[in-house]
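Our numbering runs 8 ahead of the 1-based position in the sequence shown.
Reading through the structure tokens given below for one structure.
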Amino acid sequence: MILVDASSVDSYKLDELELSFLEGQTNESFIKEWLEKADQSVEKLKNELAPELTDRQKKLPYDAQQRLLEFGVKPEFYRALASELKSWDEDAKSIKKLGSFLDLPLIVIARDPSYQMEIAKAQNIPLWEMEKFESVWRELIIDQLSLSTQSEFIEAKGAGHSIHTDAPEVVTLAIKKMNNLVQS
Numbered sequence: 009m010i011l012v013d014a015s016s017v018d019s020y021k022l023d024e025l026e027l028s029f030l031e032g033q034t035n036e037s038f039i040k041e042w043l044e045k046a047d048q049s050v051e052k053l054k055n056e057l058a059p060e061l062t063d064r065q066k067k068l069p070y071d072a073q074q075r076l077l078e079f080g081v082k083p084e085f086y087r088a089l090a091s092e093l094k095s096w097d098e099d100a101k102s103i104k105k106l107g108s109f110l111d112l113p114l115i116v117i118a119r120d121p122s123y124q125m126e127i128a129k130a131q132n133i134p135l136w137e138m139e140k141f142e143s144v145w146r147e148l149i150i151d152q153l154s155l156s157t158q159s160e161f162i163e164a165k166g167a168g169h170s171i172h173t174d175a176p177e178v179v180t181l182a183i184k185k186m187n188n189l190v191q192s
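Set out below in structure tokens:
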């Protein structure tokens, strides 16, 4: 199994943080926002969101760049997000009951906290708040290593939560490592 900056079954700990940049951001508010976006046209979403590529994404092949720009402006993307979040708490409880995976090979990939701090600075989020948030997030990610006795940790340097787009080479490396583990 490969977890790519995966949310924890204990993500409620993030909700317990009293941080100003999280005020008003509840599951219900996200669901409402995403359902509103799901009812918009692609054109309206493009105008509203004005998607841009990161410097790293600009180095990808042109067709990959276009797919990235189109992905976040699809109404069905927001419908799927809302649906996922609606069942989040119950899913987390069910997953937690499963326990560990014991000897299943596991690679846990985490985002780069220093990159998240750059994003926070650009968004005028108080750095002490983002440090607190990232500290708890990292703790939850590290805790995932205990799911298996065969776990490995990889930090995706220079990548945020969207590691698959910020640092696809890290995901590719993890897949190759996993393939080697499974074949040996």
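Note that beta-carbon positions come from the ideal geometry of N, C-alpha and C, so glycine has one too.
Only a predicted model underlies this, so the values are computations on that prediction, with no experimental measurement involved.
Query	Result
Whole-angstrom distance between K140 and L22, CA atom to CA atom	10 Å
Status (buried if at least 16 other CB within 10 Å, exposed otherwise) for Q74	exposed
Buried/exposed call for V50, threshold 16 Cβ in 10 Å	exposed
Segments assigned alpha helix (DSSP H), at least 4 residues, entirely inside the region 21-50	35-46
Supposed contact pair A182 and D120 - C-beta distance, whole angstroms, cut 8 Å	Their Cβ separation, rounded to whole angstroms, is 15 Å, which puts D120 and A182 out of contact at 8 Å.
Span of the beta strand (DSSP E) around E160	159-164
C-alpha distance - T62 paired with I39, whole-angstrom precision	26 Å
Where T173 falls, given that 16 or more other Cβ within 10 Å makes a residue buried	buried
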